[in-house]
Structure formats: C-alpha cells, structure tokens
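For the sequence shown, our numbering gives the first residue as 44, with consecutive numbering after it.
Below: one structure, written as structure tokens.
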Amino acid sequence: MSDQSAERRRFDRIATDKPVVIHDGDTQHDGVVRDVSLQGMLFTLAGNWRPRRGARLHARVRLEGELCCIDMEGEVAHIEGADIGLHCLSLDVESAAKLRRMVELNLVNSALLERNLQQLIAG
C-alpha cells in the first residue's frame, strides 16, 4: 500500500479470509475477502475475470456460524494486481449490524470503534 493510500484511509481495516461471491449483473465470481472496514473491502477473485475501475458490484460475504451474510453494494475503487478494492455504497440494516459487530470484535478498544462510526456518519 502506498503512503498516499494510508493517509486517505479513515477507517480501521480488519484482516480476514472470509469467502465472498461477487455479482456483476447476471454473473457471479468466487473470491476471498482480505480485509474489511465500515467503508468497504479488499478482496481477490479466483479465475481471470477482473472488473473495471468504477464498476458497480454486489458482494456477499459468508460469515462462519451465521445463517446469512453481509451484503454490500459497492463501486470498484482500485485494482492492484489480484487485489480489488470495493468502496461501500450501501448496506442493508442487518448487514450493517453484522459488519459493525465484526469490526467491534476485532478492534482493540471501543474508542477506535466510536471513531470509525463517527467517520462513517460524517461521510
């Protein structure tokens, strides 16, 4: 990651290896989430298909021990090699609650979570 990317980042990212299915219109592509935040995710895809920068995608992240997933609508913000950055445009309420809980469980203290939530609200 470049120093510029780190400076622009306002949200703490949680490293993970959760499976993800990316929907691009009528097609779907399997992959793995490398990290996730309240603002988006970084993932890699199996196979050779790559979206274009700015493409709108639907991501469904499968959670362990959960009956449902985190569903995120997003826009491809960057592609660096096999890594694809998806900027979150929308989450349903249930997915937002699951993502918030995932971040909460992985942050060292509640002050970091509060800072992330304030950044999200401030836009």
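By construction, the Cβ of each residue, glycine as well, lies at the ideal position given by its N, Cα and C atoms.
Predicted, not measured: the structure shown is a model, and the values here were computed from it.
For residue j and residue i, believed in contact at Cβ under 8 Å, the rounded distance
i      : j      : result
MET115 : CYS131 : 5 Å
HIS72  : GLY90  : 7 Å
Pick from the options that is closest to residue i, judged by C-alpha positions
i      : options                          : result
LYS61  : GLN71, LEU106, SER80 and GLY117  : LEU106
LYS141 : ILE65, VAL104 and GLY124         : VAL104
SER137 : ARG95, GLU147, ILE122 and CYS112 : Correcting the residue type first, residue 137 is Glu in the shown sequence and not Ser. Of the listed residues, the one whose Cα sits closest to GLU137 is CYS112.
Contact set for residue i: own chain, Cβ-Cβ below 8 Å, skip 5 residues either direction
i     : result
LEU85 : ARG56, VAL76, ARG77, ASP78, VAL79, ASP126, ILE127, GLY128 and LEU129
LEU88 : ILE65, HIS72, ASP73, GLY74, ALA125 and ILE127
Residues near residue i by beta carbon distance below 6 Å, same chain, minus five either side
i      : result
ASP36  : It is not possible to answer for residue 36, since the shown part of the chain is limited to 44 through 166.
SER133 : GLU116
ARG99  : GLU118
Within-8 Å CB hit, residue i to chain C
i      : result
LEU134 : Looking for chain C here will not work: only one protein chain is present.
Would you mind listing the alpha helix (DSSP H) stretches within the stretch 56-101 that are 4+ residues and don't spill past its ends, in chain order?
Listed in chain order, the alpha helix (DSSP H) runs fully inside the stretch 56-101 amount to none, counting runs of at least 4 residues.
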